[in-house]
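Structure first, commentary second.
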Amino acid sequence: MLKDSEKKEMLRLAAADSLRSDFRELIKRRPKVSTDANTVDLDCVINFFNIVNAFCNHQRKPFRRIIDKNMKM
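End of the sequence shown sits at 238 in this note's numbering; the numbers just go up one at a time, nothing left out.
Written out as structure tokens, the structure is:
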């Protein structure tokens, strides 16, 4: 549940012209990740996730191989 102060801040940000114009610019510049309804450009998707990860400032975790003899889903 959001506090009243958090709700007010979200409403203030949603009404900000600068934020709206920033999102409009992002929409104009976003790459097209699919050529049709059934295909996806994986290089574009991976690049997107790398950019989001850098934006969020998350440190990469070291790769850990999953070792199991009986892996079922």
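All C-beta atoms, glycine included, are put in the ideal place defined by N, C-alpha and C.
These numbers were taken from a predicted model, which means no experiment stands behind them.
Contacts around residue i, its chain only, beta-carbon distance under 8 Å, and the 5 residues preceding and following it disregarded
i: VAL198; result: VAL205, ASP206, CYS209, VAL210 and PHE213
Pair within 7 Å by beta-carbon distance, residue i and residue j
i: LEU184; j: LEU191; result: no
Alpha-carbon spacing of residue i relative to residue j, whole angstroms
i: ALA180; j: LYS237; result: 49 Å
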